[in-house]
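Undergrad: In this note's numbering, each residue carries its 1-based index in the sequence shown increased by 4.
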Amino acid sequence: MAVDEPLPKTNRGKKAAETPAIKKEDGPPMPIKSAEDADALRDPEAEADEEVDEEEVKEALTRPPPVNSSYLPLPWKGRLGYACLNTYLRFSNPPVFCSRTCRIASILEHRHPLKDPSQPEHATKNRPDRSQPADLALGRKYVEDICLANVRDIPKMIRWNEKYGIRFLRLSSEMFPFASHEEYGYKLADFAAHDLAEAGKVIAQYGHRVTTHPGQFTQLGSPRKSVTDNAIRDLEYHDEMLSLLKLPEQMNRDAVMILHMGGVFGDKAATLDRFRSIYSGLSQSIKNRLVLENDDVSWSMHELLPICEELNIPFVLDYHHNNIIFDSTQIREGTADVVNLYPRILATWRRKQITPKMHYSEPCPGAITGRQRRKHRPRVATLPPCPDDMDLMIEAKDKEQAVFELMKTFKLPGHENINEIIPYTRADDNKLAVQDIDKRKRQLATKKAKAAKKDLIPDEEVGMGGADGRVYWPPGMEEWLRPKKREVKPKAAPATPASRKTTVKSEAADADVMEDSDPDATPATKKAKLLLAQRAKAASKAEKLVAVAAEPAPPTAQKVKAPAAQRGRKRKEVMTPSSSSSDVGEDMSEDEVVGPAKRVLKFNMYDEDVKV
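1. Would you mind working out which of Pro-427, Ser-74 and Leu-387 sits nearest Glu-399, comparing C-alpha positions?
2. Express the C-alpha separation of Asp-199 and Asp-139 in angstroms, rounding to a whole number.
3. Please list the terminal residues of the continuous beta strand (DSSP E) segment that includes Val-231.
4. Mind the definition here: the stretch 355–371 touches the stretch 318–331 only if three or more C-beta pairs lie below 8 angstroms; say whether that holds.
5. State yes or no: is the C-beta of Gln-136 within less than 7 angstroms of the C-beta of Asn-130?
6. Which of the three DSSP states, helix, strand or coil, is assigned to Asp-433?
7. Can you tell me which of the three DSSP states Gly-85 falls into?
8. For the stretch 214–233 against the stretch 92–106, are there 3 or more C-beta pairs whose distance is under 8 angstroms?
9. Starting from Leu-315, trace the beta strand (DSSP E) in both directions and tell me its first and last residue.
10. Compute the Euclidean distance between the alpha carbons of Ile-425 and Asp-472, then round it to the nearest angstrom.
11. Excluding five sequence neighbours on each side, which residues of the same chain lie with their C-beta closer than 8 angstroms to the C-beta of Lys-356?
12. Tell whether a beta-carbon distance below 7 angstroms holds between Gly-225 and Gly-266.
13. So Asp-277 is in the alpha helix (DSSP H); what residue range does that whole segment cover?
14. Could you tell me if Leu-65 is buried or exposed, where buried requires 16 or more neighbouring beta carbons within 10 angstroms of its beta carbon?
15. Do you know whose CA, among Leu-436, Arg-377 and Ala-193, lies nearest Asp-299's CA?
16. Measure how close the beta-carbons of Leu-118 and Asp-133 come, nearest whole angstrom, since I'm counting them as under 8 angstroms.
17. Tell me whether Gly-143 is buried or exposed, calling it buried when 16 or more other Cβ atoms sit within 10 Å of its Cβ.
18. Can you check DSSP and say which residues form a bridge with Asn-423?
19. Are Gly-85 and Met-397 closer than 7 angstroms when you measure CB to CB?
20. Using the three-state DSSP reduction, which class does Leu-200 fall into: helix, strand or coil?
21. What span of residues does the alpha helix (DSSP H) with Phe-221 cover, start to end?
22. Who are the Cβ neighbours of Pro-68 in its own chain at under 8 angstroms, not counting the five residues just before and after it?
23. Span of the alpha helix (DSSP H) holding Tyr-323?
24. Taking all protein chains shown into account, decide if Gly-469 is buried (16 or more other Cβ within 10 angstroms of its Cβ) or exposed.
25. Which of the three DSSP states is assigned to Tyr-364 in this structure?
26. With burial defined as no fewer than 16 other Cβ atoms inside 10 Å of the residue's Cβ, what is the status of Glu-186: buried or exposed?
27. Looking at Glu-240 and His-264, is the spacing between their C-beta atoms short of 7 angstroms?
28. What does the Cβ neighbour count give for Tyr-428, buried or exposed, with the cut at 16 atoms within 10 Å?
29. Please determine, among Ala-141, Asn-90 and Pro-99, the residue with the shortest C-alpha to C-alpha distance to His-114.
30. To the nearest angstrom, report how far apart Lys-205 and Val-56 are at their CA atoms.
31. Name the one or two DSSP bridge partners that Val-206 has.
32. Ends of the alpha helix (DSSP H) at Thr-215?
33. Taking the Cβ atom as the reference point for each residue, do Gly-169 and Gly-418 lie within a distance shorter than 7 angstroms?
34. From what residue to what residue does the alpha helix (DSSP H) around Met-161 run?
35. Express the C-alpha separation of Leu-534 and Pro-501 in angstroms, rounding to a whole number.
36. Could you say which of Ser-110, Glu-59 and Ser-365 lies nearest to Tyr-188 if we only look at CA atoms?
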């Protein structure tokens, strides 16, 4: 297949017997999925369920079982980490996270001044006024404010991690929205240098490790120049972000950028040649940070490790990916045979004096096919047999909670500081206290308002889990992090005079029951007897309703319509000839008053009143 030819399109997840196949290293050939699958790695945490290919299931069922090592790296000496988002802090008040973003359309909109510049922006009442001329500086300030809010939350996340024994964090690539965009991109040093340096001081103070992982579309082996140009700009952005942290020398070396090789594009050898060519033209700063990771779509460990040794690039082993894509002629699925390759893997790190790191995740229960197994399990159950001085990134949906689960399972350092949260309750924020203060102020109770301020939690302690360290939520109970949803009860129907009389009679009957009860009985006994009487009354009422509903309805006589006429009005009857002299009833006289009309029908062509 030529480089410029598009990959054949197929229906994802459906049977594709006539589709060309790519030979995988771990067994029989598998069909090409789609251009997106071949060109870019899919999100392993995507929630959408896909239609299962029956042929793929049959092939997966013939796969030999994995062979895992029984070695556990205990006592643990390395650092466990999670990626980008802290679920507990994300739902604190105020929320703490580093991935606030926006759309390009929002940037363009905010180039226009607000309708009322003297007031803060409001989603509906004070929006940008498009009728006024645009100013590039306003749009830039809008983006910069988002970026600085992200950066200023880094120290809070680092302090939180330190309190609970987590010293490894992957920084979000979305911290600076569209920083590497071809048209709307920007440099960070112009406005974020100071805040990034302040964040770097906190990171250095506690000795934590931070890394980044550019997205799946950052591919240096693509045959399209536009893709490789975008990839280079993205790597330059990540390198600038890490460099502006101003970390100490060793910590700066450990702040690496993890990259996937990406697509195959019909020819792996040609893709590797393009990667070599483009890698040679990268800046030295990017080369110092760049590391390669095996993926779960195209590139196995045995294909990437040689090029890492050739170009002096550290190799990141992802255990989960290796169980999906591997060379079945050299190793078996599982962790047992991977241990033999540790010397080669560790050598790629140590010759550049960088602390080694690996990735670990597990497939969801019930996953069979390779596509199903890519999705990450919310939490992992064990530790891989990695060197005990290696940093391990836990890639799981539950983020820091997955790390807590390992700490609690294996009694790792810091597990004793972690306690379960109280459902739907946050004792480490000031939301309720602020509401109380505002209420006191509205009531003009200044002394009480000042007293309420004493209950405020200091800003540095907000979201930190309180004195008891209640930051752990059990699997599947993420909703406990948020306040309980309000239950809206339907309003009771307004009382009618008849319903009021019924209520009065019922209360009187209850009072009679209380009076007729044993005078020596205790109040609790009287209350119990009253409750029994009320239940008996309710049951009797229900039985009556059922009996009424079961009775057959009596036949109803058909109503006979009365002669229609207008109320209080005389009418003159026009006599018509009749062939019979035996008319039913007597003719109405001229002075007879016609009774009230039951109904007036209008059906003639002139819409006149025709009386029935």
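No residue lacks a Cβ here, since even glycine has one placed at the ideal position from N, Cα and C. Source: prediction; values computed, not measured.
TA: So, from the listed chains and residues:
1. Of Pro-427, Ser-74 and Leu-387, the residue nearest in Cα terms is Leu-387.
2. Our two residues, Asp-139 and Asp-199, have alpha carbons roughly 25 angstroms apart in a direct line.
3. From DSSP, Val-231 is part of no beta strand (DSSP E) but of the alpha helix (DSSP H) over 229–247.
4. These segments touch.
5. At the C-beta level, Gln-136 and Asn-130 stay beyond 7 angstroms of one another.
6. coil
7. strand
8. no
9. Unbroken run through Leu-315 is the alpha helix (DSSP H), 305–315; no beta strand (DSSP E).
10. 9 angstroms
11. Around Lys-356: Arg-257, Asn-292, Asn-316 and Pro-318.
12. The answer is yes: Cβ separation under 7 angstroms.
13. 272–284
14. exposed
15. Answer by Cα proximity: Arg-377.
16. 7 angstroms
17. buried
18. Asn-423 pairs with Arg-474.
19. yes
20. Leu-200: helix per DSSP, three-state reduction.
21. Looking at the DSSP string, Phe-221 is not in any alpha helix (DSSP H), and its letter there is neither H nor E.
22. Arg-336 and Glu-337
23. Tyr-323 -> alpha helix (DSSP H) spans 323–326.
24. buried
25. strand
26. exposed
27. no
28. Burial call: exposed.
29. Ala-141
30. 50 angstroms
31. Answer is none; Val-206 lacks a bridge partner.
32. No alpha helix (DSSP H) holds Thr-215; the beta strand (DSSP E) holding it covers 213–215.
33. yes
34. 158–167
35. In this model, Pro-501 and Leu-534 are separated by some 25 angstroms (Cα to Cα).
36. Ser-110
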